[in-house]
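J.: Numbering (our numbering) for the sequence shown: 1 to 199. All C-beta atoms, glycine included, are put in the ideal place defined by N, C-alpha and C. Supplied in structure tokens, the structure appears directly below.
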Amino acid sequence: MEIPNFVRVHEDGTIERLQGSPFVPPKLLDATTNLSSKDVVISDKPPISARLYLPNGILSQEDNLSNNLKLPILVYFHGGGFFFESAFSQLHQNYFNAFLSVADILVVVVEYRLAPETPLPGAYHECWEALKWVATKADPWVLKHGDFDRVFVGGDSAGANITHNIAMRALGRSITWWCNSFRCCGFSSLPLGIKENRE
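Now the structure itself:
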């Protein structure tokens with residue numbers, strides 16, 4: 001079986017992804033980007049994780065007792081046609097390097113399982129669980145630096161589709177921190193046009 005330009009499933013059951021960018025590790029207090037990033041486990045069953053991004057200036061002031069700055073939270077779902085890409089990819093790392101250079105914001109990029117191993121609606125359920133995890137304030141960065149009166153969701157391509165699904169699901173449920181500040185934005189493949197400028 002083959003989904004042209006995306007995935008090839010071989011007769012022995014192995015899956016070959018035909019697109020995607022390489023994975024890159026997170027980095028604390030990265031002087032070249034002025035950002036910090038770290039990876040967190042949201043759930044073991046199902047396996048859901050995320051990469052968090054925060055401006056370096058926030059972490060470098062953590063020992064300052066007067067540092068009570070709260071940042072908007074963006075929960076972001078990556079694109080890739082539900083078949084490829086990752087929260088940990090070079091593509092999305094480049095995007096958030098550019099994004100956070102102009103916006104002081106705490107970003108949670110969700111790593112959900114891909115098709116065909118995990119068919120839809122698996123990604124919808126996992127991303128919903130990730131959003132609920134953010135609401136628990138279980139992570140120290142989210143607890144200390146996140147402003148729960150300014151929570152946004154967004155995504156590119158398949159992630160924009162997930163964003164729409166999450167927003168529709170949220171309309172029918174009561175989430176105490178949602179308040180009136182919930183914003184839904186679906187970016188259609190926006191990160192794919194951003195490249196790192198090394199000049």
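Can we say the region 101 to 118 touches the region 44 to 52, given the rule of at least three CB pairs closer than 8 angstroms?
T.: Touching, yes.
J.: Is Val24 helix, strand or coil when you go by DSSP?
T.: Correct three-state label for Val24: coil.
J.: Taking Cβ positions, are Leu114 and Phe88 nearer each other than 9 angstroms?
T.: Contact flag unset, no.
J.: Between the beta-carbon of Ile73 and the beta-carbon of Asp156, is there less than 9 angstroms?
T.: No. Outside cutoff.
J.: Tell me which residue opens and which closes the beta strand (DSSP E) that Pro4 is part of.
T.: First-last for Pro4: undefined, no H or E at that position.
J.: Tell me where the beta strand (DSSP E) around Arg113 begins and ends.
T.: Counting along the chain, Arg113 falls outside any beta strand (DSSP E), and DSSP gives it neither H nor E.
J.: On a Cα-Cα basis, can you pick out the residue from Trp128, Leu29, Val24, Lys38 that is closest to Val75?
T.: Cα-wise, what sits closest to Val75 is Trp128.
J.: If you count every other CB in all the chains shown that lies within 10 Å of the CB of Gln19, and 16 or more means buried, which is it?
T.: Classification for Gln19: exposed.
J.: Kindly list the residues whose CB is nearer than 6 angstroms to the CB of Ala170, restricted to its own chain and excluding five residues on each side of it in sequence; keep chain order.
T.: Result list for Ala170: empty, nothing under 6 angstroms.
J.: Measure the CB-CB distance between Trp96 and Ala158 and report whether it falls below 9 angstroms.
T.: Checking the sequence, you will find Phe at residue 96 rather than Trp. Cβ atoms of Phe96 and Ala158: not closer than 9 angstroms.
J.: Which one of Pro4, Phe152, Arg17 has the shortest CA to CA distance from Ala135?
T.: The residue with the shortest Cα to Cα distance from Ala135 is Phe152.
J.: Looking at the structure shown, is Leu74 part of a helix, part of a strand, or coil, going by DSSP?
T.: Leu74: strand per DSSP, three-state reduction.
J.: When the distance is taken between beta carbons, is Ile166 closer than 9 angstroms to Tyr112?
T.: Taking 9 angstroms as the Cβ cut-off, Tyr112 and Ile166 do not qualify as a contacting pair.
J.: Leaving out five residues before and five after Glu117 in sequence, what residues of the same chain have Cβ atoms less than 8 angstroms from its Cβ?
T.: Excluding sequence neighbours, Glu117 sits near Ile15.
J.: Three-state secondary structure (DSSP) at Gly245?
T.: Outside the displayed range of the chain (1 to 199) lies residue 245, so it cannot be described from this structure.
J.: Whose CA, out of Ser21, Pro22, Lys38, Phe23, lies closest to the CA of Leu29?
T.: Taking only the C-alpha atoms, the option nearest Leu29 is Lys38.
J.: Have a look at Gly79, His145, Val102, Ala138 and flag the residue whose alpha-carbon is nearest the alpha-carbon of Tyr124.
T.: Closest option to Tyr124, Cα to Cα, is Gly79.
J.: Looking at the unbroken alpha helix (DSSP H) that takes in Ala123, where does it start and where does it end?
T.: Element bounds for Ala123: 122 to 136.
J.: What is the rounded straight-line gap between the Cα of Val24 and the Cα of Ser36?
T.: Their backbone Cα atoms lie some 13 angstroms apart in a straight line.
J.: Using 8 angstroms for Cβ pairs, my map puts Gly122 next to Phe6. What's the rounded Cβ distance?
T.: Gly122 to Phe6, Cβ: 17 angstroms. No contact.
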